[in-house]
Amino acid sequence: MAQAKFEVPKLKPYPVIPVLKENAMAEVKSFPANAGIQQALGFPGELPEDWHDVAIAKMGELLDKYRSFRVYMDTCVHCGACTDKCHYFLGTSDPNNMPVARQDLLRKVYRRYFTFAGKYFPKLVGAEDLTRDVLDQWYTYFHQCSECRRCSVFCPYGIDTAEVTMAAREILDTVSVGTKYTNEIIGKVHKIGNNLGLPGPALEDTLTGLEEDIKADTGVDVRLPIDVKGAEVLLITPSADFFAEPHVDSLIGYAKVFHQAGISWTLSSHASEAGNFGLFIGNYEQMRKVAMRIREAALDLGVKRIVVGECGHAWRVAYSFWNTLIGPLDFLDKRYPWPQHVCEVTWDLIQRGALTLDKEANDHRIITFHDSCNVARASRMGNMPGGQFFIPRAIIKSVANHFHDMAPDTIEEKTFCCGGGGGLLTDDLMEVRVKGALPRMEALKQVVDDHGVNFMALICAICKSQFTKVVPYYGFDMSMIGGVHQLVSTAIQLGTKQ
Amino acid sequence: MSFEINGKTYETDEEGYLINLSEWDEEAAKYLAKEEKVDMTDNHWEVINFLREYYNDYQIAPAIRVLTKAIGKKLGPEKGSNKYLYELFPYGPAKQACKIAGLPKPTGCI
């Protein structure tokens, strides 16, 4: 079992709203990005002398640019509906992790500089000057929010709290303050093409090795093609799928699906990353620059369809933003949705009987499904409302016999974040990640105890990495974490071994 | 940040990874392993050496699947598994073994 330098929360049989522990997480901070990392993204390398004015000016710019942001700043009535909906608050007991309180770190400054009452009677309306202490608080607590938007589901005014966090991070970056984790990674995408910094030759070597593995397992030549001009489908998948376990098993799953369906497809060494951390830091230009590689690759390779692999926030960016970020892509085949999720592809093929599936091959697994936040609350799949909930479950039930959902208030649009999303999947925030996973772990424990669940299926690279790392802190084995297409890969019958 | 062995100074980043990869030597590896509470055996060294060879060829650490296959070939198929690598490097082969091998920390959704 994993050893922690902090107190790992105990799993409780029913959810309890914790007693407040003020400043419990005040000292847990991510490593800041150094000057080189920041300058590579066009941010200042050190805190400017007039940082205060720069930050306030940036806030004003965002308020003018995004009408939604101004509404979110104005409209909160502090009703408290969100307070106990955040996994980080439930896991850490720190009152600044109540979504309303976290947002108020920004809102109190907004009031001071942008409202009549705050300018003239600051104490009456809880308005505060922007000081270094406040800036530090922003850095701490806006990096204890995974932008998962569960609290927004319960907000009677529909305040999108993720947008507030993104705005705070955007303001911070304009005065040089960002995290090493997110901003170093964005720099790697610009330079090398993916979050890992995996160069083309290493990618090719890895894919060749996987082709050998599939051949050894199944006796069938399944290809993992890269940079193939004229392929029908360009697959955009998180680079973790090439590198990490259990991610790679889903990559093998996609390859087997394309193989059996006879769809010609390719990966791209230029656009070898689905993830887009520009979203996490709330920076439109970074998000656009990262996404643009996909447009360039699609044009260069002459593909007719773009399919997105198992990555939560990538699907949000693709589904909700690609059209305006990098579109229109008029050259794509209009008979298919643009973009298309790999789960939509697989489910469509299953419905048409195009895949040979042996459900019993997964009989050793008793499965549950974790809805990833960005898929659940920021996108859709298929042509019906709720398709993003239905389709992954329908795939699982088509490839396996044993499936049990977790408690209703912890799944679908009310799903709990894995605890590592939104740019927090870094070792220096392990305490935040372990504690933030608490609500999901409690729901998981219930189905483990009641139904003997031994596999939690996912469609997000961050969720997979987060859970494999944190479930041991709660007494579970990391091997119970895997992808939906890992299950497909197990069930699909390509041929008999020679 | 830095550490010193026999008068030689090794610079590290805030997470303890060597900044200048060419400074790496066995002494540094032993020091970093001790910091990570890893007792180095011959099998640990097989992993470290493979990581360094692969990095020399590709300027990146090998994918976990590439590593497990290589170790399986060297130490026997029963040891060619992610589980075995976690036994050697409990914090994870990618990050902990890379640190000891003097490679940069793999980043991303891993």
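Chains A and B, in that order, are what the protein sequence lines are.
Here the first sequence stands for residues 1 to 498, where the numbers follow the working numbering.
Here the second sequence stands for residues 1001 to 1110, where the numbers follow the working numbering.
Here a beta-carbon is modelled for each residue, glycine too, at the ideal position from N, C-alpha and C.
Owing to the predicted nature of the structure, the values given are computational and were not obtained by experimental measurement.
Environment of residue i [buried if 16+ CB atoms lie within 10 Å]
i: B:K1099; result: buried
i: A:M25; result: buried
i: A:R365; result: buried
i: A:M292; result: exposed
i: A:M194; result: Checking the displayed sequence, the identity of residue 194 of chain A turns out to be Asn instead of Met. Buried, because 16 or more other Cβ atoms sit within 10 Å of the Cβ of A:N194.
i: A:L20; result: exposed
i: A:D249; result: buried
i: A:G118; result: buried
i: B:E1011; result: exposed
i: B:S1002; result: exposed
i: A:H402; result: buried
i: A:M1; result: Its pLDDT being 49, under 50, A:M1 is placed unreliably by the model, and the measurement read from it follows with that caveat. Exposed.
i: A:K5; result: exposed
i: B:P1093; result: buried
i: A:L251; result: buried
i: A:H341; result: buried
i: A:T218; result: buried
i: B:Y1084; result: buried
i: B:S1022; result: exposed
i: B:G1007; result: exposed
i: B:F1089; result: buried
i: A:L444; result: buried
Nearest-angstrom Cβ-Cβ length linking residue i and residue j, presumed shorter than 8 Å
i: A:F280; j: A:G420; result: Between A:G420 and A:F280 the Cβ distance is about 12 Å, and since that is not below 8 Å, they are no contact.
i: A:I37; j: A:G187; result: 6 Å
i: A:V447; j: A:M381; result: So it is not a contact: roughly 23 Å between Cβ atoms.
i: A:I159; j: A:Y72; result: 5 Å
i: A:M287; j: A:L325; result: 7 Å
i: A:S372; j: A:I481; result: Actually they do not touch by this definition, with Cβ atoms about 13 Å apart.
i: A:A232; j: A:W265; result: The sequence given here places Glu at residue 232 of chain A; Ala does not occur at that position. That pair is a contact at about 7 Å.
i: A:L196; j: B:T1107; result: 6 Å
i: A:R112; j: A:D129; result: 6 Å
Whether residue i touches residue j by CB criterion (9 Å)
i: A:N283; j: A:A314; result: no
i: A:L11; j: A:E442; result: yes
i: A:A378; j: A:R149; result: yes
i: A:R102; j: A:T179; result: no
i: A:G312; j: A:C145; result: no
i: A:G230; j: A:V488; result: no
i: A:T468; j: A:P439; result: no
i: B:N1043; j: B:L1075; result: yes
i: A:V134; j: A:I56; result: no
i: A:I492; j: A:Q260; result: yes
i: A:P392; j: A:V484; result: yes
i: A:R305; j: A:D348; result: no
i: A:G309; j: A:I236; result: yes
i: A:N96; j: A:T140; result: yes
i: A:T346; j: A:L355; result: yes
i: A:Q137; j: A:L172; result: no
i: A:A255; j: A:L224; result: yes
Chain A contact residues for residue i, given Cβ-Cβ distances below 9 Å
i: B:P1077; result: Here the premise fails: no neighbours, minimum Cβ distance about 11 Å.
8 Å Cβ cut-off: residues of chain B touching residue i
i: A:S465; result: C1109 and I1110
i: A:G275; result: G1108 and C1109
Under 8 Å by beta carbon: chain A residues contacting residue i
i: B:K1069; result: G209 and D213
i: B:N1082; result: E245
i: B:Q1059; result: P199 and A202
i: B:I1064; result: F243, A244, E245 and V248
i: B:E1015; result: F31, D427 and D428
Residue i: contacting residues in chain B (beta-carbon distance under 7 Å)
i: A:T206; result: A1063 and V1066
i: A:E61; result: Here the premise fails: no neighbours, minimum Cβ distance about 30 Å.
i: A:A461; result: C1109
i: A:N323; result: By Cβ distance, chain B contributes nothing, its closest Cβ being about 24 Å from A:N323, past 7 Å.
i: A:N195; result: T1107, G1108 and C1109
Contacts of residue i in chain E (Cβ-Cβ under 8 Å)
i: A:P238; result: Annotation note: the requested chain E is absent from the structure, which comprises protein chains A and B.
Chain-ordered neighbours of residue i on chain B, where CB pairs are closer than 9 Å
i: A:E184; result: T1107
i: A:L188; result: In the sequence under discussion, the amino acid at residue 188 of chain A is Lys, which differs from the Leu named in the question. Per Cβ cutoff of 9 Å: T1107 and G1108.
Subject >> Contact between the segment 264 to 277 of chain A and the segment 200 to 216 of chain A (3+ Cβ pairs under 8 Å) >> reply: In this structure the segment 264 to 277 of chain A lies against the segment 200 to 216 of chain A, because at least three pairs of beta carbons, one per stretch, are closer than 8 Å.
Original post:
Can you find at least 3 beta carbon pairs, one from the segment 161 to 172 of chain A and one from the segment 56 to 72 of chain A, that sit closer than 8 Å?
Top reply: The segment 161 to 172 of chain A, when compared against the segment 56 to 72 of chain A, does touch it at the 8 Å Cβ threshold.
Subject >> At least three beta-carbon pairs within less than 8 Å, the segment 1032 to 1047 of chain B to the segment 1099 to 1108 of chain B >> reply: By the criterion of at least three beta-carbon pairs nearer than 8 Å, the segment 1032 to 1047 of chain B is in contact with the segment 1099 to 1108 of chain B.
Original post:
Does the segment 111 to 127 of chain A touch the segment 84 to 100 of chain A, meaning 3 or more C-beta pairs lie closer than 8 Å?
Top reply: Verdict: no, contact absent.
Subject >> Touch test, the segment 324 to 340 of chain A against the segment 243 to 257 of chain A, Cβ-Cβ under 8 Å, three pairs minimum >> reply: no
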